[in-house]
Structures are given as structure tokens and as C-alpha cells.
Amino acid sequence: MKVLATYNIKGGVGKTAAAVNLAWLAAREGAPTLVWDLDPQGAASFYFRIKPKIKGGGKRLVAGKRELEDCIRGTDFDGLDLLPADFSYRNMDLFLEHAKKPERRLRQLLEPLAGEYDYVFLDCPPSISLVSENVFYAADAVLVPTIPTPLSLRTFRQIRKFLAERDHGSLKVLPFFAMADRRKQLHREIVDNPPDYMTGLLGTAIPYTSEVERMGVFRAPLGSFAGRSWAAQCYENLWADVKLQLHGPGGPYPV
Amino acid sequence: MRFEFIIPEGVEAGEVQAGLQHGMHLEVEPPVIERRTCFDSFDWRVHGNAAILEGINDGKHYRLLWRALSNGARREQAILDKAPHFARDLPPGRLHDRLEAIVEMRELLPLVTVTSRLHTLRVLNKQDKTVARVAFGENSARRPDGARSFKLDRRAVVIPVKGYQKPCKQLVKALKDLGLTPADDDLMLTALARVGLTPGGYTPRLNLHLESGMRADQAARRILLRLLDILEANDAGARVGTDTEFLHDFRVAVRRSRSALTQIRGVLPLRTVSHYKTEFAWLGQVTTPVRDLDVYLLNFDTYRASLPVSARADIEPLRDFLIRHRRIEQQAMVKALDSMRYRRLVNNWREFLRRPVPNRSTLSSATLPVLVVACERIWQIYQRALNEGRAIGVNSPAEDLHELRKTCKKLRYLMEFFQSLFPPRRIKSPIRALKALQDNLGIYQDCAVQIVTLKQFSHQMMAEGEVSPDTLLAMGMLIDELERRQQAAREEFAEKFGKFDSPGNHDHYRELFTGCIPDAGEAIA
Chain A
0 MKVLATYNIK GGVGKTAAAV NLAWLAAREG APTLVWDLDP QGAASFYFRI
50 KPKIKGGGKR LVAGKRELED CIRGTDFDGL DLLPADFSYR NMDLFLEHAK
100 KPERRLRQLL EPLAGEYDYV FLDCPPSISL VSENVFYAAD AVLVPTIPTP
150 LSLRTFRQIR KFLAERDHGS LKVLPFFAMA DRRKQLHREI VDNPPDYMTG
200 LLGTAIPYTS EVERMGVFRA PLGSFAGRSW AAQCYENLWA DVKLQLHGPG
250 GPYPV
Chain B
0 MRFEFIIPEG VEAGEVQAGL QHGMHLEVEP PVIERRTCFD SFDWRVHGNA
50 AILEGINDGK HYRLLWRALS NGARREQAIL DKAPHFARDL PPGRLHDRLE
100 AIVEMRELLP LVTVTSRLHT LRVLNKQDKT VARVAFGENS ARRPDGARSF
150 KLDRRAVVIP VKGYQKPCKQ LVKALKDLGL TPADDDLMLT ALARVGLTPG
200 GYTPRLNLHL ESGMRADQAA RRILLRLLDI LEANDAGARV GTDTEFLHDF
250 RVAVRRSRSA LTQIRGVLPL RTVSHYKTEF AWLGQVTTPV RDLDVYLLNF
300 DTYRASLPVS ARADIEPLRD FLIRHRRIEQ QAMVKALDSM RYRRLVNNWR
350 EFLRRPVPNR STLSSATLPV LVVACERIWQ IYQRALNEGR AIGVNSPAED
400 LHELRKTCKK LRYLMEFFQS LFPPRRIKSP IRALKALQDN LGIYQDCAVQ
450 IVTLKQFSHQ MMAEGEVSPD TLLAMGMLID ELERRQQAAR EEFAEKFGKF
500 DSPGNHDHYR ELFTGCIPDA GEAIA
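Sequence lines, in order, name chains A and B.
Using numbering that gives the first Met the number 0, count along the first sequence one by one with no gaps and you end on 254.
Using numbering that gives the first Met the number 0, count along the second sequence one by one with no gaps and you end on 524.
Structure (C-alpha cells):
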């Protein structure tokens, strides 16, 4: 089981869209896949038309009083499940603090699912907190959607620095450009000439298109309603990039 | 959880669908035609694991799905370019690992294709989220190579969505209320039966049920007839040669037949025994070269991995050599199997075995109860194995170990032939102890044989043309490795034999096999 987190300190950069679309692609290839919507705003749950509600709230879940497995819901797509968000996740830091090894609790919670899923996507809330610390321990790779603007690049540098300082240096950090608008010269310049510190940068940039926004109208992954669109194609390429990074060329699912 | 219902004759699927509309928010999906092909090995290994392996060609990919038979739950699949032949054709992943462990080197055979015209209804909740599905199907089955299509039941299948049990239960209740009857079997099993296939219909195991009071000659004929059935069941596959296990099972049946002929003494006419001993020995002989090469090819990757990384590529010409020679030997073997001698052997042998046993017999053991003959022979061979094993010391020649191996094999076969005469739980332990010793002797002997043949291959490769010094060097390293393994097996022998020659094991043998032998108490064990 590979755990992938879509993470950024900034909000509105395409974390949820990436988690939902990549997870859909993984499941379509036959890999049992789970998305855990860790963001109390519940955008991933919304995309899958699943109520952002965990019976007993996040507290019981984190405390181990409620099985993760029992909270999982099947989406409309074969092999793709969701662990919904809950509004109580806004207090996730507090719940985690009560655990034995607070920063490793998420990883511990995911362990029993290893036999069930090939991929778990953690759709993270935008912050640096105990939740993100947990995500870094639990994940095999962190996907960082980055808008090609100076401020977003600065945020990415901050994330890198934070990870290096907190001994997550070995964690696979895979940034990629998201919401890239080819009409803007600045976006074009950055995408075409990415700065050197963006090591591990994935080759595909996700464009800023209305199709991605329409996911909120259709409440479904992009590929399920606009599979031939440019943006959907970009997500497919991005998924191929991610798989290559995770498994190398001889990986389990076609690259 | 998965529920299948049969739509009775006279009930229109449309009526059922209309009936479901009441009280449920449904959405109709466009009808689709789905073709699912069931795969299994010749010896039904997937079915033996209570599962179904099916392939669906969706026009773009070939999806291979594993689902449990008990509840139809599917949780493993792989995407391929085309239908697989072997587990190794699957991409790395969960299903690959599962199939490699279960099916191993056996070919995955397409057994039956079910074509279903499906009308699927989705049950939606207030958010328009799918919370359950029901698929109505008109189904037919056909053998992948057959022209004839067989009509199957029309079915409604309720497919639950994880975390939403209530709508699923509602669907089940509604379908029952509408007069649909729950199906006893999975549709794929019905399809297999319809085209005349019985899951589990072939097994290389003897699976005989002998009665202790049965006449020994009658029992011997039943054993030999079962072995002949196994041999003939594998005949066609051995000729094709794609799946190496056909030839393996064929040869095991030959070896067991030879062993039964010689070891179950005094039950068959001497002339018959002598004639068929010669004939089965010939059959063993003509099939040996292919099997020897198969063994090399099956182990090749392990051999390769045992070499230093730098030498691994150098050994590849040996693989090419083996494949080339296997092709030649396969042709020679098929020629032998096409011969009159082979036809006559199997036909006459079957005719003989089917003949009723004479009421009276001059043969020493023919009319004795089979239990007595079984106990006597097992006890004798067991003691021979003990004698031979105890005589082996640190400096004993390799031939002594080979002799012991042959004796152990005879003992094992005898115990397997007569297994059904003894309480299943009690016979397992002596078989286990014997198996551990046989494994050790097997490694030792196999390494010895492989060292000799590798040397022969190197000479042959040189005689046939250019062979690089690097390849010969790599083969030399392989011989070193085999010698190391052989030496390790030799060093382990004393311990393995010690367990076989233990008081506990003697007690097991004595209790099981001396009950009906008067002087057995005086025996060495």
C-alpha cells in the first residue's frame, strides 16, 4: 500500500482536485484505492456526493474507539472508496495530541488497511500543524500542487525547509504545477523554467481550466464526465509521472 | 455481500424494474453487453481456493478479476493488454502475487465465456449518490473454442456499495416480493456446468476409497486404473507442452504405476507385471529428456539469481540452448506418444484392469484382504528404509543415498495408495516425517544429476558451435553453487534421517502397520 498526500500550506491550489482525480485514475486501473478527506471543509467528500460525517466524530476515530473500516464509504466508482471528512476534524490537532505517539497516530490508524488498498490518498487541510506532521510520517510521497507564481514558490521553499528541519528529509516530495494559466506570461516563464530548488518536480503541469471547476457542478472526478478534455489528459500524465516516481518503470499498473 | 436472483420464466425483466421504481430513486444506465471468461488451471487451483478468476475485455484493456465464491466480493484485479496464459504474464501487484502462489507454473486456461446483456439500475440517495446497484442480465455460455451457445437463467444481481447496507437490503426484499428466487450458485458455476465442465473434476491426487476387506487384486486394479486415468487426462496437455505440469503429472502416474506393479506383490499375474513393467519403463524413458529440460527451465531464474550480478547475463545462452533442445526433445516425445506401442500399452492396460478378477487365484496375495497386503508391504519397505539409512555414514558413497531415496519413494507411494485404509489423522504424521527426509534426499540427488548434465550441456554447446568463455565460466559457477547445495543437503541428512528414525515415528508405524502382521513385533524398529 502506498500512501500519497496532497499537501500545501496554501489553500485553493488544487489539492483536492489532484487527490480525487488521481485516485479515480488509480482505481480505474484496477488498484483498490481510498481517499481520506482530512479537510474539515470536506471538499473531496462533496465531489463524491458523500455526507461529510463520521459517526461519533473524529475524536473517537483517532482514539481508536471507532474502526476506520466501518467509516469507509464506497464511491460511485468501482474500487474507489472514501473516508469522509467531518466538521470535527477542525480539532484534529487536539485529538491527535491525546494519542501515545501523537505524530505517528495517522500512520498507525492506516496500518490495518494495508491488505485492502493499493493506494491511499490523504487530502490534507491547508496548514502546518500536528495533522501535517502526521501526514508526513504516514505518507510515502507528498504531492505538492504549486501555482506558478512567486508567492507559491516561496511557500514551496518553506515546506521544503520545514521538512528538512523536522527530519523528514527522506520523504519523497513531488511538487507539480497546478492551475497553470498559459495566457499569463509569468506562469509560462515559471513552468518552462522551473527554479532549481523544485527538485522532484513532476513533468506535467495541471492547467487552469473551467473543466476542473466543473467537478463541483458534476460532483465527480474529471475523468468520469470529461475524460477527453485537456485537463483530464494532464491528470493522466501526472498520474503516470507519480507512478514512475513510486514504482520505477516496472510498476504494478501501466505507466 | 452479493445477491443473485433468478428471474422466473414468464416474468419480464421490465416488469421487475418497474416494480422497483416504487419507493426507490433509481437511475437507468445504458444497456451493455459484457463478456466474461472464466479462467482456471487444468487442476482447478483457483476453484480449489473458493474463488473465480474472470477476464473481461472492455475493448481497451483486458481486466482480470479475482472474486471469492462465497459472497462474490471482488477485491483484486489487474489490467493487461490481452488474456493471460500464466500468472507471470500479470503486472506486479496483488493479483499477480496471489496467482503466482496458487497457480504457480500452471497455464491459465479459458474455460467458458458468459455473454450477458445487462440493464443496470442505480439506487440513488438524496445527494444523487449511488448507494446500491442491481443488474438484470440475459445470459448465455459458450466454450471459448466452441460454436454452440447455451442459454442460461436470466438473473438479477444486487451489487452493494460499501457503507450503504440499508438500500441493499431494501433491494433484496423488493426482488423477493416481486417473485424472484435466490440463485443457489454463482452464474459462472452454472455456465461451467452447462458446457459440461465440473470444477474440481480433475486432480492429480489418487483420491481412492478402498475398503479394508476388499480383495488385494481388486484394490490393486483400482489403484492402477486410477493412475491410468490420470495418465490419459494429461496426455493431450503433455503433447502440447505449453504447461509443463501435464508432463509432470503424466510421468508421476507412470512412476506410480511402475511402483504399484512391483510393490504390491503377488496380486497380478507375473507375466502381466513383467510386460507392463517394461512398457511403463519405456514410457518413463521417452518422456525423461523433456522433463529434465523443463526442470532446468523452471529453475532457471533461481539459478540465474544465485550467480554474481556480473555473471547473470552470461548464463542466458544456456537458456536458449535449453529451449532449443526442449523443442527437439518434445517432437521426439510426441512421436513416441503417437506410436502404436503407446496406443497398445494404454488400451490393453485399460482392458486388462477393467476385467473382473477371477473368483479363485493361485497368486499368493490376490485374494487376501487389501489391508493385510498393504500393512505387510509398508512395514517391509519401512524396515528396508531404516536399514539402508542406518548404514549411511559420513563417508558413504552417493549411490547409497540414491538407493535410500528410491526406497523412500516406494514407501511414500505405498502409503499413498493405501492411505484410505487408515485413519486420516494418524497416517498424516508418518507421511510428514517421510516427506521431510525425501525432500533432503531429493535436493541431494537433484543437485548431483544437475551437475552431471550441466557438464554434458557445456560439451554439447561447444560441439554445436560457438559458446563464449563467459558462458562456460558462468556455468562453472552454477556447478559450484549446486555442489554447495548438495553438500549442505548431505550435512543435513543425519538430522533429517534421525527424525525419521525416531522412537516416536517408529511407534506411529508400528501402531498403524503391524496390527495384522503376526511377527512384526520382532522387527528391527
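Glycine residues also receive a C-beta, built at the ideal position from the N, C-alpha and C atoms.
Contact list for residue i against chain B, beta-carbon separation under 8 Å
i: D85/A; result: Within 8 Å Cβ-Cβ: nothing; D85/A doesn't reach chain B, min ~14 Å.
i: I53/A; result: Near I53/A there are no residues of chain B at all, since even the closest Cβ is about 11 Å away, more than 8 Å.
Contact set between residue i and chain A, taken where Cβ atoms lie within less than 7 Å
i: R93/B; result: D117
i: G162/B; result: I71, R72 and G73
N- and C-terminal bounds of the beta strand (DSSP E) containing residue i
i: L3/A; result: K1 to T5
i: D36/A; result: T32 to D36
i: F135/B; result: T129 to R141
Contacts that residue i makes with chain B (C-beta to C-beta distance below 7 Å)
i: R48/A; result: Q126, D127 and K128
i: G29/A; result: R62, Q76, A77 and I78
Residue interval of the alpha helix (DSSP H) (run including residue i)
i: T406/B; result: A397 to F416
i: E375/B; result: V369 to R389
i: N133/A; result: L129 to A137
i: F512/B; result: P502 to F512
i: D234/B; result: D234 to V239
i: A25/A; result: K14 to R27
i: D80/A; result: From DSSP, D80/A is part of no alpha helix (DSSP H) but of the beta strand (DSSP E) over L79 to L82.
i: G472/B; result: The amino acid occupying residue 472/B in the given sequence is Leu; Gly does not appear at that position. Run containing L472/B: P468 to F499, per the alpha helix (DSSP H) assignment.
i: I53/A; result: Run containing I53/A: none; DSSP gives neither H nor E here.
i: G526/B; result: This structure cannot speak to residue 526/B, because chain B is shown only from 0 to 524.
i: L191/A; result: What sits at residue 191/A in the sequence shown is Asp, not Leu. Note, D191/A: alpha helix (DSSP H), Q184 to D191.
i: A527/B; result: Absent from the model: residue 527/B. The displayed extent of chain B is 0 to 524, so no value can be given.
i: H97/A; result: Neither: H97/A is in no alpha helix (DSSP H) and is coded neither H nor E.
Opposing strand residues paired with residue i [DSSP bridges]
i: D445/B; result: Its beta-bridge partners do not exist; DSSP assigns none.
i: L108/B; result: D39/B
i: D122/A; result: T5/A and D36/A
i: W65/B; result: L52/B and E75/B
i: F2/B; result: V157/B
i: F421/B; result: Answer is none; F421/B lacks a bridge partner.
i: S115/B; result: E33/B and N138/B
i: P174/A; result: V143/A
i: A43/A; result: DSSP lists no partner for A43/A.
i: P206/A; result: A179/A
i: Y163/B; result: V160/B
i: A123/B; result: The sequence as given places Leu at residue 123/B; Ala does not occur at that position. Looking at the DSSP assignment, L123/B forms a beta bridge with T129/B.
i: V27/B; result: L120/B
i: R72/A; result: L81/A
i: F149/B; result: A140/B
Chain B contact residues for residue i, given Cβ-Cβ distances below 9 Å
i: D80/A; result: K161 and G162
Residue i beta carbon near the ligand HEM (any heavy atom closer than 7 Å)
i: G514/B; result: Because no ligand of any kind appears in the structure shown, any question about the ligand HEM cannot be addressed here.
Give a yes or no on contact between the stretch 459-469 of chain B and the stretch 436-451 of chain B, applying the rule of three or more CB pairs nearer than 8 Å. Flag = no, the stretch 459-469 of chain B and the stretch 436-451 of chain B do not touch.
Under 8 Å, with one C-beta from each stretch per pair, do the stretch 10-23 of chain B and the stretch 198-215 of chain B reach the 3-pair mark? Not touching, per the Cβ criterion.
Touching by the beta-carbon criterion (3+ pairs, under 8 Å), the stretch 43-56 of chain A and the stretch 242-249 of chain A: Verdict: no, contact absent.
How about the stretch 362-370 of chain B and the stretch 311-323 of chain B: do they share at least three Cβ pairs that are nearer than 8 Å? In this structure the stretch 362-370 of chain B does not touch the stretch 311-323 of chain B; the number of beta carbon pairs closer than 8 Å is below three.
Quick check for students: name the residue ranges of the alpha helix (DSSP H) that lie wholly in the stretch 172-232 of chain B, counting only runs of 4 or more. If only uninterrupted alpha helix (DSSP H) runs of at least 4 residues are considered, those enclosed by the stretch 172-232 of chain B are 186-193 and 215-232.
Do the stretch 136-153 of chain A and the stretch 77-93 of chain A meet, that is, are 3 or more Cβ pairs less than 8 Å apart? When C-beta atoms of the stretch 136-153 of chain A are compared with those of the stretch 77-93 of chain A, fewer than three pairs fall below 8 Å, so the two segments do not count as touching.
Okay, do the stretch 149-158 of chain B and the stretch 168-186 of chain B touch, 3+ Cβ pairs below 8 Å being the bar? Yes: at least three Cβ pairs fall under 8 Å.
Counting only runs of 4+ residues fully inside the stretch 279-348 of chain B, write out the alpha helix (DSSP H) ranges in chain order. Within the stretch 279-348 of chain B, the complete alpha helix (DSSP H) runs of at least 4 residues are 308-311 and 315-336.
With a cut-off of 8 Å, do at least 3 Cβ pairs link the stretch 58-66 of chain A to the stretch 219-238 of chain A? Flag = no, the stretch 58-66 of chain A and the stretch 219-238 of chain A do not touch.
Inter-stretch contact (C-beta, 8 Å, three-pair minimum) for the stretch 401-420 of chain B and the stretch 449-467 of chain B: For the pair of segments examined, the stretch 401-420 of chain B was found not to touch the stretch 449-467 of chain B: the number of CB pairs separated by less than 8 Å stays below three.
Should the stretch 166-182 of chain A be called in touch with the stretch 197-214 of chain A, which here means at least 3 C-beta pairs below 8 Å? Yes, they touch.
For the stretch 374-388 of chain B against the stretch 492-502 of chain B, are there 3 or more C-beta pairs whose distance is under 8 Å? The stretch 374-388 of chain B makes contact with the stretch 492-502 of chain B: 3 or more CB pairs, one atom from each, lie closer than 8 Å.
Which runs of the alpha helix (DSSP H) spanning at least 4 residues fall entirely within the stretch 213-251 of chain A, listed in chain order? Every unbroken stretch of the alpha helix (DSSP H) spanning 4 or more residues and falling wholly within the stretch 213-251 of chain A is given here in chain order: 221-224 and 229-246.
Quick check: the stretch 186-202 of chain B against the stretch 291-301 of chain B, are at least 3 beta-carbon pairs closer than 8 Å? No, the stretch 291-301 of chain B is not in contact with the stretch 186-202 of chain B.
Is the stretch 248-257 of chain B touching the stretch 209-228 of chain B, taking contact as three or more C-beta pairs under 8 Å? Verdict: yes, contact present.
Please confirm if the stretch 262-279 of chain B is in contact with the stretch 130-144 of chain B, defined as three or more CB-CB distances below 8 Å between the two stretches. With fewer than three CB-CB distances shorter than 8 Å, the stretch 262-279 of chain B does not count as touching the stretch 130-144 of chain B.
Is the stretch 27-36 of chain A in contact with the stretch 106-117 of chain A, if contact means three or more CB pairs nearer than 8 Å? Yes, since at least three Cβ pairs between the stretch 27-36 of chain A and the stretch 106-117 of chain A fall closer than 8 Å, the two stretches touch.
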